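Have a look at the structure below, then the notes.
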Amino acid sequence: MTAGLQTIVYPVTDLVKAKSLFNALFGAEPIADTPYYVGYRVAGQDIGLDPNGAQKGMTGPIGYWHVEDIHKHLAALVEAGAEAGQEPTDVGGGKLIATVTDADGNVLGLLQP
2 MTAGLQTIVY PVTDLVKAKS LFNALFGAEP IADTPYYVGY RVAGQDIGLD
52 PNGAQKGMTG PIGYWHVEDI HKHLAALVEA GAEAGQEPTD VGGGKLIATV
102 TDADGNVLGL LQP
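Residue numbers for the sequence shown follow this note's numbering, beginning at 2 and rising by one.
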């Protein structure tokens, strides 16, 4: 079971310019503002800017489905035909993220809070 698509992360090359644009879009300052990640919380949605995204292979935004057991969901998706991408990785505070790619090349993110 998933708690829904609650996090979207955008790869950006210029964090200062991207932050200015998203501040204008949301009419708000970020809730997390570091050199390696800027995060917003808007209408119950987490929006992130990752200045290292392209170096990690991100070619566009990735939506992260929130799940209770990332390892279980990752295994089920691979068994169903997805190709494993990023293995579960702790991104701080015990939060885990992982990705898979479907048969059409779409990247699906998983996030375990």
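A virtual CB, placed ideally from N, CA and C, is assigned to each residue, including glycine. Please read all numbers here as calculations on a predicted model, not as lab measurements.
**Asked** Hey, out of Gln56, Leu97 and Gly106, whose CA is closest to Lys73's CA?
**Response** Leu97
**Asked** Which residues mark the beginning and the end of the beta strand (DSSP E) in which Ala4 is found?
**Response** Thr3 to Pro12
**Asked** Identify the residues that DSSP records as bridge partners of Asp34: which are they?
**Response** DSSP lists Val39 as partners of Asp34.
**Asked** Near Leu50, which residues of its chain fall below 6 Å by C-beta distance, leaving aside the five closest residues on each side in sequence?
**Response** Tyr11, Val13, Ala19 and Val39
**Request:** List the DSSP bridge partners of Gly110.
**Result:** Tyr65 and Thr100
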